[in-house]
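Every number in the working numbering is 651 more than the matching position in the sequence shown, counting from 1.
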Amino acid sequence: MTRTSPSTSSLLFFYFNSFSTLLVANMLIYSLVLLSGDLGASHGFTGLVVMCNNLPALVFGLIAGALLDRISRMAVMFGAQCCFIVSTWALYWLHSSGILQADTRWLLILISLLNGIGLTFLIPGRLAVLANLVPEGSAGRSTIILNVLIILGFGFGPPIAGQLRQRLDWNGTLLVTAIAYLFAFATLLPVRPTEYIRGKAQNVLASFVEGLRYSWSAPLIREMIVLQMIVFMVVGPIQALVPEYARHTLGLDEAGRGGLMAALGFGLLLGGILARILHQVRHRGRVMLAAAAPMCLFLAASSSSQDWRIAAICLALAGIGGGLLGALIPSAVQVAAPDHMRGRVMGVYGMFFQLMPGVGAFFSGRAADALHGTGPGLVATGLFLAACSLAAAALLGHLRAYD
């Protein structure tokens, strides 16, 4: 039986919610990174804060996919966004009340963990809900549109936060961010997806294992997730090290750092547009594999000079690869997953989507401490991930053959 499609307004509100939520989420993460530096934290601690935004995926990723296939997917989305609201307002209260100081900066870890719980459910949730908002057969194209909007949120959240910080004190910046989360939450209220086939009741671990088993048994999904793990590790050093590199090595103020991150956002936008163009062409697997290594090398090259213009160009070029891959990979996974398994498959995808930036942030921060600088840390991380990308191009045969 062919399902009826929801109203166009539901889809438009959903798209806007996805964009606005990720925009504010990345404003918050960027603020956590800057606050860590202002409170005298080491690069390793800053990497740990970013990693804690991703760690909940290890625990709650087991639950997310199962819930999305068994209960209302919109209820899961609302719950996830409530976590965002609580974490943002809690951070504002802690700072405005004077509780958050250098000796209590460990509280940033708790805020990051709570925000990460929301992300764990939101990442697979929005992909699962999208399939119930569009006509059958158009999930792949719609996923690319969704991920272009998400990429825009990721790319332009930091420069907006930087501009706010340039004009306001920390209390004002955090208050604006908290209010923006409330606005983003409100845009989810009009969304009305169609019903879907719900899975039979079973314990959470068994449900997750079933999704993991299916993802592993489907060669294309398995290899897409492997490439995704490499690609999204690049996000970690961008979040954890680039802002500090811009401040200490390039000597940029808050607005300058925001502008540098805007160059990344512009590249992500171009990559997303390119993904939309390439969605219907052949040999998409080879295109994805060919984009991964240059993206990592441009990340390494961004710290090769003390000229901010060279850094901006390199970040923009890295962003093009990130935008392309960030849109094409989930589109392919979305199309390959049947509807009755979609929540669990996207739960597995979402777990690695969320976890890998944290892994990249933590190890790049440790590399920066060991090599005595954010620049060497960026170079080492970029070169390591480029080597991993080249190995993936040689070993992932099913992805190479993907048309």
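Built from N, CA and C at the ideal position, the CB exists for glycine as well.
- DSSP places Val984 inside the alpha helix (DSSP H), whose first and last residues are 959-987.
- In the DSSP assignment, Trp740 falls within the unbroken alpha helix (DSSP H) covering 724-747.
- The C-alpha of Ala891 is placed about 12 Å away from the C-alpha of Ala1018.
- One alpha carbon belongs to Leu781, the other to Ser693, and they sit about 40 Å apart.
- Your pair Pro841 and Ser660 checks out as a contact, with CB atoms roughly 7 Å apart and the cut at 8 Å.
- Straight across, the Cα-Cα distance linking Arg927 with Ala753 is about 45 Å.
- Between Thr755 and Leu761, the alpha-carbon positions lie close to 11 Å from each other.
- One Cα belongs to Leu685, the other to Arg864, and the distance between them is close to 40 Å.
- Close CB contacts of Ser793 within its chain, under the 7 Å cut and outside five residues either way in sequence, are with Leu781, Val785 (chain order).
- Burial check for Ile889: the Cβ neighbour count within 10 Å reaches 16 or more, so the residue is buried.
- For Gly923, the CB contacts under 8 Å within the same chain, skipping 5 residues up- and downstream, are Ile795, Asn798, Val799, Ile802, Leu803, Gly974, Leu975, Gly977, Ala978 in chain order.
- Per DSSP, reduced to three states, the secondary structure at Asn705 is coil, with no helix or strand assignment.
- Take Pro894, set aside five residues on each side of it, and the residues of its chain with a beta-carbon closer than 6 Å to its own are Val684, Arg908, in chain order.
- Linking Phe1003 to Val882 through their CA atoms gives a straight-line distance of about 11 Å.
- Two segments are said to touch when three or more pairs of C-beta atoms, one from each, lie closer than 8 Å; by this definition the region 942-954 touches the region 1011-1030.
- Counted as a single uninterrupted DSSP element, the alpha helix (DSSP H) harbouring Ser671 occupies residues 659-689.
- Under the DSSP assignment, Pro1027 falls in the alpha helix (DSSP H) whose first and last residues are 1025-1046.
- One Cα belongs to Val885, the other to Asn704, and the distance between them is close to 15 Å.
- In the DSSP assignment, Asn783 falls outside any alpha helix (DSSP H), carrying neither H nor E.
- Straight-line spacing of the CA atoms in Ala715 and Leu765 works out to 15 Å.
- Under the three-state reduction of DSSP output, Ala835 falls in the helix class.
- Between Met702 and Arg777, the C-beta gap is not smaller than 9 Å, which leaves the two residues out of contact.
- In the structure shown, Ala941 falls within a helical segment according to DSSP collapsed to helix, strand and coil.
- For the 9 Å CB-CB criterion, Gln879 and Met678 do not form a contact.
- Cβ-Cβ separation between Gly970 and Gly1033: approximately 14 Å, too far for a contact (criterion under 8 Å).
- Collapsing the DSSP output to three states places Ser866 in a helix.
- Annotation for Ala914: Ala963, Leu966, Ala967 place their beta carbon closer than 7 Å to its own, counting only its chain and skipping 5 residues before and after.
- In chain order, Glu874 place their CB closer than 6 Å to the CB of Leu1047, counting only its own chain and leaving out the 5 sequence neighbours on each side.
- Burial is judged here by how many other beta carbons sit within 10 angstroms of a residue's own beta carbon; Leu940 has at least 16 and is buried.
- Between Phe807 and Leu674 the beta-carbon gap is near 6 Å, inside 8 Å, which marks them as a contact.
- For a cut-off of 8 Å, the C-beta gap from Pro945 to Gly972 is around 6 Å, short enough to register as a contact.
- DSSP places Gly902 in no alpha helix (DSSP H); its state is neither H nor E.
- Between the beta-carbon of Ser687 and that of Leu751 there is about 11 Å, and that puts the pair past the 8 Å contact cut.
- The distance from the Cβ of Ala708 to that of Gln1005 is about 4 Å, consistent with a contact at the 8 Å cut-off.
- The DSSP-derived three-state label of Pro1008 is helix.
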